[in-house]
Amino acid sequence: MATGLRRVGQALAIAVVLALLAVLAWRVVRKSDGGAAAAIRRGEHPVAPNFDLSRLDGPGSLQVSALRGKAVVLNFWASWCLPCKKEAPLLEEASQAWRSKGVVVVGVDANDFKSDARRFARRYRITYPLVYDGPGKWLDDYGLSAFPETFFVRPDGRLSSWVQGELSKEEIETGIRKALRS
Amino acid sequence: MILARAAVLAIATLAVASPVLASESQPTLAELETEVICPTCHTTLDQSSSPVADRMRTFIRSRIAAGNTKAEIKGRLVENFGEQVLASPPKKGFNLLAWVLPPVAAVIGAAVIGMLAVRWSRRRDGHDGEEPVGVAEPDVEQQIDDELARLDA
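Chains as they are written, first to last, in the numbering used here: chain F, 38 to 219; chain P, 11 to 163.
Written as structure tokens, this is what we have:
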């Protein structure tokens, strides 16, 4: 009886250790796969991770999948980020210029105070949709390493290209054209 | 005598509790900096000089000046950055396990070590009630002696 109990105890201990190792391995693999950015770097075109985030510029939420059929410029930013301040007017300009051609610019504010983000939007007169990911839950899925980073999404929902750092007007144009072409 | 003991106990309790209560109602930036994580560099604020850490320090300073308690300030930070902004998990819900399990595991571990120590010491003294390890049955013992004698011969 005592031997039986000891065997059950040992089996349980081994099971717990194996489960913890499995969780650790899963976390390491998930962290190190580099997200969507790494996939683009490898020449792949994965489907844009489908976040559902609350709107900063109004009520409700926005899902990436709801924008299927349109090319999307997905810009990750934060109000404390200096290059984000420089590229915001360019993104607004692009949003106005391409809106009628089936292109949507979406700003994803992350790791930021909501109030700061709203102030930023007012200051730079942003009219394109903005969503809020304060805790930065989606940054790993997209494989972000710094702010700003911008993903160009094809009308079929797949990522076409990605730009790290501050955008230039030319990079926005090229990214949009490439997304619309594919 | 009883009154004197109660007074000493009350003073001791106050001595321990008052700094904790003061820290809760009048927190300092220095202590909050060690309890809050910078979301971009994943270190505590006191270890970080990133722009978001600077912004968070400014926020904390302004909330302290406004008279907010530590819990209120942390609550506002969690509202914006999520629970991972806290260096230690909150003592509620599933996170409570992180606080309860280590001491429970330590107690269970100490109990197991204690039990094993008692058992080993009993076994060494031969009071275990079991046959001592290494003592064979008489006929086996005889067989070993015979074998050894044969080898010596």
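The C-beta atom is built at its ideal place from N, Cα and C for all residues, glycine as well.
Everything numeric in this text was worked out from a predicted model, so none of it was measured.
Take VAL168 of chain F, set aside five residues on each side of it, and the residues of its chain with a beta-carbon closer than 8 Å to its own are PHE88, LEU90, SER91, ARG92, LEU93, SER98, LEU99, VAL143, GLY144, VAL145, ASP146, in chain order.
The beta carbons of GLY212 of chain F and ARG105 of chain F sit no closer together than 8 Å. For the pair ALA97 of chain P and THR44 of chain P, the CB atoms are nearer than the 8 Å cut-off. From the beta-carbon of PHE104 of chain P, no residue of chain F is found nearer than 8 Å; the closest lies around 15 Å away.
Bridge partners of ASN112 of chain F according to DSSP: F:GLY144, F:THR187. Following the DSSP letters along the chain, one finds GLN201 of chain F inside the beta strand (DSSP E) bounded by residues 196 to 201.
Proximity of chain P to CYS118 of chain F at the Cβ level (cut-off 8 Å) is accounted for by PRO61, in chain order. Assigned with DSSP and collapsed to three states, ILE209 of chain F falls in helix. Closest by C-alpha distance to VAL88 of chain P, out of F:ASP149, F:LEU49, F:TRP175, is F:ASP149.
Just measuring C-alpha positions, the residue of F:LEU217, F:GLN47, F:LEU128, F:GLY41 sitting nearest VAL190 of chain F is F:LEU217. Rounded to the nearest whole angstrom, the CA to CA distance from SER198 of chain F to VAL84 of chain F is 12 Å. Cα atoms of LEU42 of chain P and GLY171 of chain F: separation of roughly 20 Å, rounded to the nearest angstrom. Residue pairing by DSSP places ARG156 of chain F in no beta bridge whatsoever.
Taken through DSSP and simplified to helix, strand or coil, GLN100 of chain F comes out as strand. Taking a Cβ-Cβ cut-off of 7 Å, ASN78 of chain P has no neighbours in chain F, whose nearest Cβ is about 15 Å from it.
SER35 of chain P carries a helical assignment under DSSP once its states are collapsed to helix, strand and coil.
Pairing LEU128 of chain F with TYR165 of chain F gives a Cβ-Cβ distance under 8 Å. Within the region 40 to 107 of chain P, the complete alpha helix (DSSP H) segments of 4 residues or longer fall at 61 to 75, 80 to 91, listed in chain order. Against LYS151 of chain F, the close residues of chain P are GLU89, ASN90, in the order they occur along the chain (beta-carbon pairs closer than 9 Å).
Contact of GLY171 of chain F with chain P by beta-carbon distance below 7 Å involves ASN90, PHE91, GLY92. DSSP places TYR179 of chain F within a helical segment (H, G or I) once states are collapsed to three.
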